[in-house]
Amino acid sequence: MTGKEAGLVLCTECHSIHHHMADVELQCSCCGAELHQRKPDSLNRTWAFLIASMILFIPANVMTIMNVAYFGNDDPSTIIGGVILLIQLGSYSVAFVVFVASVIVPVFKMIGIMMILLSLHFQINMSDQQRIKMFRFIEFIGRWSMLDIFVISILAALVNISGVAVITAGSAATAFGGVVVLTMLAASSFDTRLLWDYKIASAHLAQQKSDLSNNEPIV
Amino acid sequence: MNNNNNNNSENEAMNSGQFAQANVSVKKSFSPVWILPIVALLIGLGLVVKSYLSAGIMITLQVPSAEGIVVGKTKVLYKGITTGVVKDRTITEDLQNVILHIEMDKRTEHVLHEHTQFWVVEPRISLSGVSGLDTLIGGRYIAIDADENGQSERDFVALTVPPPPSEDTPGLHIKLRLNRLESIDRGTVIYYKQIPVGEVTNYTLEENDTEIHAWVLIKPEYAHLVKENSHFYNVSGIKINAGLSGVKIETESLISVIAGGIAFYNPVNKSDSKPAKHGTFYLLYSDFDSAQVGIPIVFRFKNTDSLQENVTEIKFQGQVVGRIGTFSYDKTSNEVIVLASIDPLLEEALTDNTQFWVVKPSVSILNISGLDALLSGNYIQMRPALKGKFQREFSVSETAPALSSSLPGLHFFIESNVLGSISKDSPIYFKNIPVGHIEGYQLADDLNKVQLKAFIKPEFAHLVKKNSHFYNVSGIQVTGGVSGFKVQTESLASILKGGVAFYTPSFEKSHAEGENGDSFKLYDDFDDAKAGIEIFLTFDSASGLTEGLTKVIYKGMVLGHVRKILPNKKDKTVTAKVVLDPIASDSLVEDTKFWMVRPKLSLGEINNLDALIKGDYITVRIGSSSKRKTSFKVSQSRPPFDSTYPGLHLKLNSSKLGSISVGAPVMYNRIKIGDVQDYELAGDRTNINILIHIWPQYADMVKLGSRFYNASGFQVDASLAGVEVHTESIESIIRGGIALYNEPNSDTSNNNITSKKMNTRQSKRVSNGQLYRLFNDFEAARANAFYIRVQFQEPKGLAVGSKVSYRGINVGNVEAINLNKNNSDSVWVTLELNSLLKPVLGKKSLFWVTTAKLGLTRTENLDTLLKGSYITVQPVKSRSTEKPMKFFIGLEEKPLIDKTDKGFSISLTASRLSSIKTGDPVYYRQVKVGSVVGYELADTADQILVHLSIRNRFKPLIRENSKFWHASGVAVDISLFGTSTIRTESLESIIAGGIAFATPDNDKMGKILSPGSFFVLHDEPKPEWAKWNPIIHLAKETQQD
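Protein chains in written order, with my numbering: chain S, 1 to 219; chain V, 220 to 1260.
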């Protein structure tokens, strides 16, 4: 039994419970916030953010994220290029952190959100517990993927010895920042309660199917 | 519409199953959030498009090795700008080369044509230069030499070396033809006078691979230096010239030492040739000598032992002017014919008078020559002669031939009995300057003499006259003196080589100049044979004289020796024959003085120490007379200067000689300006005349008004203010000395010309023999002192040097203290007084001795405790016309009556002196208006006269009826019935005593008195005197008071 089934709506701001009424815009009697039984248009938005972030992920990895000009000689590097450089230099731990923050985390986030959305779309039976755990994990690690951007912005600010060494952020840094922001938006626009709604819905559907299979078709 | 509602109704309908099922259409509204992916997509697409558009042109470049080439890093630079980057590298199928895939900037498309060249730039650090240094940091890069002509091309083959500059590069492009490359390489520098002016840009094998052509690019700014006839030669490597004068390492530049280099020069005599054109061919010579292309000449040698084919050089004045080449033997003449080449510059000198000879090192005790040849190898010396017939064939002599007499300079012969240490090249000196040398020697025709061939350099040729004397100066002359030992020789070389010197007695025109071919006699030394001048010196005693040793020295210079000593029976003197250097001939005149110099040691002086070591010698003072003389009398000590001797000869009159000795300095401002010549008794037989000589350069310092004083010893001035030690010089402490004092002329501060003229007239030149007085010390000289004698009974505490004081100013001092011969009770004290006192000394002048007085009531003259007693002088006031006195009678102590006091003087009569002393104050209404100037017993001895001096201002206070009383001590008036009074004039008067007076009121006071009036001195005042209160107008204070 969900609140929705009981005809109730929860104010997400002050957590007071109201009776739900359809076709009208509800406002919380307590705090005045708009009341929705579910986040409006949640799945659409999540899909949009996800797709946008996936598109931006391509230039973020292909293009230059950081350009080290050393004695006037440009040395542009991509994310992976930087990781490889770090490995070559022997800084395995740093390479690992950068790799995780800049590659693993965004990829994991995007794939994770996409899996949840697909599982909802195609009614794939997945354990609710699994899905919610995955979602929590995505939310948790999402913030760490800004690490690379921080590193670049700090380096660009610190290393600015004109003529000797200048570090500038490349266009990939913008794209990568977009990726991180968009994946976080995607995660926040997803209403986890939909998981249960779809479960109930699918249960109903299964019930209907079995009813249909048991009964004569109504024609 | 709400989905849920639809669903609900559907569900209801389905659940009820009673109603027809409505068509459910879910309205899908387009969510604006989908704009985001579209935007992202657009961004992505934009980036793709951008990267596509900026993507360059892919080309391939075949390189032999990909060493140092990094994919994604190695760039293609065109004039320093990145125009491409290496994207990939692959190996060619034959595994021989590497293909670089390069992405070129789109904008470079127009240069990617078939003639465009690529090459890999790598750091090149070589001795000839460092290039591509930037690649050390940035890594290697690929350079392009763009060429827009030709077809478009995408596949290139890289050059292995940077391409040579193209023909259109600014500068002069020429070619060198060479047989072997040797150390020439691309980049080899071309030098002109050691300045790098260009470089070898490339070289190729040409002409069937038999010769090498090197392309040379001369920098535009130096292009004009290359002429059509320029000679290029290889300067690689080092040329070491080792000689006696040092080792010279010669190279065009350090780079060229190792990296090789090419230099060129333009033949000087053909400098007008045209500048080179582009592409001109030049031959590269292997070295400078071959490039010079000398004039071929032929040498004929009798003996080529010491010569080396192709090596032996021809030198002229140390410069290499040629080199010999190959040898061949000429059977007919039994000579070796050597081909040689000579610097074209010397072409004009190739005449039949030009001489060549071989220079070999030769070492012997007497002669070391050709030492340079030891290191540099034997060489052929050339002595060019411009005059003569041109020829190209020369015979070379074994040794240096005598100079041909056609050469400038003087050529003549010197005949000698023996050769001695004289040898070839022995120098000929004139006043120690080498002016020529001995060319050679030979036996004279009569086989008895040696004939030296002498040569005098042209610039000195005029020094040799027909009457010149030549003498041998070989050997060493050692002179010992206080200042050390002196080894004297004409020159060090003359010790070894021997030498000849000459002197020319006079350069008068009457004597003909020496001519070529003249013959002279060589004397053993200058005094041996007529070169010296014989004179005769007469001595009182021959002590200290040694034949052949005793020298005649003039100002430290040995002029000659005593040759022979002959006793002179007639007048018991000794005559010495002395031979003098001819240079002294002009000095042997009438007033030239000779005297013996012997060491002299005494406390007062140490003289002629040098004679201790050198032995006694004769010294000479050259006179100025024109009358010649050859016989002189030698005095035993230095004779005083004649008045004719330059400088100023003065006489100083002094009462005593003091420590002044002959030779003592005469100083002015501590500079020695002359010396003491002699001293003698003055005409009066009491004083001494000291003869001094002022050196000519200082003669103008002595003026008529100048004063001289004895500066011997040192003078200590001690006073309460400090101690001052004064001396002229250390020398004057020991030897005594005289100093000159010129009174500073007040006019000299005035720069007026007229005043200067006046000064010069006043201080016109002092003539010789002027007599001056010698003052005892500086003070006396400054004061222009005069002397008086004062007779004292007992001059307590006086000593020679005691001061004479007038009103506290030092005006002189005690010159001497003598017993009076006539009156043994008294003492004559001679005083030296400042000339200012002279006019004021008269009969009434008083002298007394001031000594320290310590007493209960008076402490006086404390300063004498330190300075000693002094004499106080009190001149008379009036400037009487009487003659200045010379003798005075001195007082034992300060006179009781101070006659110098200018106050209004009166006298008091008293029965007793009481406590009154000289100097006691006189009070009027307790104000001091005068003082006691003295007291004396009246002539009748019944009273005491006390003399007072009242200051002029207070003169009107003294009236006829004024009353005087003792103010000394304390008057205590004790009355049984009245009050007791204690009365005193002032605190000072309690102790020191004094006199007070009062004047009655106006009507009773009486008239003003004239000086010298007498009053009675009462013991104590009457009470009514104190009540008097007259009104008296005081006189105006006069300046004198």
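Glycine included, every Cβ here is placed at the ideal spot set by N, Cα and C.
These numbers come from a predicted model, not from an experiment.
For chain V, is any of its Cβ atoms less than 9 Å away from the one on residue i?
{"i": "S/N44", "result": "yes"}
{"i": "S/V62", "result": "yes"}
{"i": "S/D75", "result": "yes"}
{"i": "S/L182", "result": "yes"}
{"i": "S/D191", "result": "no"}
{"i": "S/G170", "result": "no"}
{"i": "S/G178", "result": "yes"}
{"i": "S/D41", "result": "yes"}
{"i": "S/A175", "result": "yes"}
{"i": "S/A203", "result": "no"}
{"i": "S/A52", "result": "yes"}
{"i": "S/K209", "result": "no"}
{"i": "S/T2", "result": "no"}
For residue i, return the contacting residues in chain S, with the cut-off set at a CB-CB distance below 9 Å.
{"i": "V/A362", "result": "Here the premise fails: no neighbours, minimum Cβ distance about 15 Å."}
Which chain V residues sit within Cβ distance under 9 Å of residue i?
{"i": "S/F49", "result": "V252, L255 and P256"}
{"i": "S/A101", "result": "Residues of chain V passing the Cβ test: none, with the nearest at roughly 21 Å."}
{"i": "S/A165", "result": "Within chain V, no residue comes near S/A165; the closest Cβ sits about 12 Å away, beyond 9 Å."}
{"i": "S/A95", "result": "In chain order: nothing, as chain V lies at least about 19 Å away."}
{"i": "S/A187", "result": "Neighbours of S/A187 on chain V: none; closest Cβ ~14 Å, over 9 Å."}
Taking residue i as the query, report the chain V residues whose CB atoms sit under 8 Å from its CB, ordered along the chain.
{"i": "S/L56", "result": "A259, I262 and G263"}
{"i": "S/P106", "result": "Those do not exist, as S/P106 stays about 14 Å from chain V at its closest Cβ, beyond 8 Å."}
Within its chain, find whatever has a CB closer than 6 Å to the CB of residue i; leave out the 5 residues flanking it on each side and keep chain order.
{"i": "V/Y773", "result": "V839"}
{"i": "V/K1174", "result": "F1123 and A1254"}
{"i": "V/N1185", "result": "According to the sequence as given, residue 1185 of chain V is His; it is not Asn. Within the same chain, V/H1185 has close Cβ partners S1133 and D1238."}
{"i": "S/N160", "result": "V166"}
Is the beta carbon of residue j closer than 9 Å to that of residue i?
{"i": "V/S738", "j": "V/F631", "result": "yes"}
{"i": "S/S77", "j": "S/P106", "result": "no"}
{"i": "S/V94", "j": "S/D148", "result": "no"}
{"i": "V/Y648", "j": "V/V719", "result": "yes"}
{"i": "V/R1008", "j": "V/V1068", "result": "no"}
{"i": "V/K870", "j": "V/N929", "result": "no"}
{"i": "S/M221", "j": "S/A156", "result": "Nothing about residue 221 of chain S can be reported from this structure: the residues present for chain S run from 1 to 219 only."}
{"i": "V/K292", "j": "V/V282", "result": "no"}
{"i": "V/G1109", "j": "V/T1070", "result": "no"}
{"i": "V/Y410", "j": "V/A482", "result": "yes"}
{"i": "S/A173", "j": "S/I152", "result": "yes"}
Answer with yes or no whether the minimum CB distance from residue i to chain S is below 9 Å.
{"i": "V/K292", "result": "yes"}
{"i": "V/L272", "result": "no"}
{"i": "V/T302", "result": "no"}
{"i": "V/L400", "result": "no"}
{"i": "V/L266", "result": "yes"}
Here's a check: name, in chain order, each residue in its chain whose Cβ is nearer than 8 Å to the Cβ of residue i, leaving out the five neighbours to either side.
{"i": "V/L768", "result": "H780, V781 and G834"}
{"i": "V/V1046", "result": "Q1010, F1011, Q1012, E1013, P1014, I1036, N1037, L1038 and N1039"}
{"i": "V/H1252", "result": "P1175"}
{"i": "V/S552", "result": "R519"}
Measure how close the beta-carbons of residue i and residue j come, nearest whole angstrom, since I'm counting them as under 8 Å.
{"i": "V/L397", "j": "V/E430", "result": "7 Å"}
{"i": "V/L565", "j": "V/P603", "result": "6 Å"}
Here's a check: name, in chain order, each residue in its chain whose Cβ is nearer than 7 Å to the Cβ of residue i, leaving out the five neighbours to either side.
{"i": "V/G1087", "result": "G1016, A1018 and S1021"}
{"i": "V/A1035", "result": "V1019 and T1049"}
{"i": "V/T815", "result": "With the sequence shown as reference, residue 815 of chain V is identified as Met, and Thr is not the correct amino acid for it. So the qualifying residues of the chain are G763, D835, I837, V853 and Q855."}
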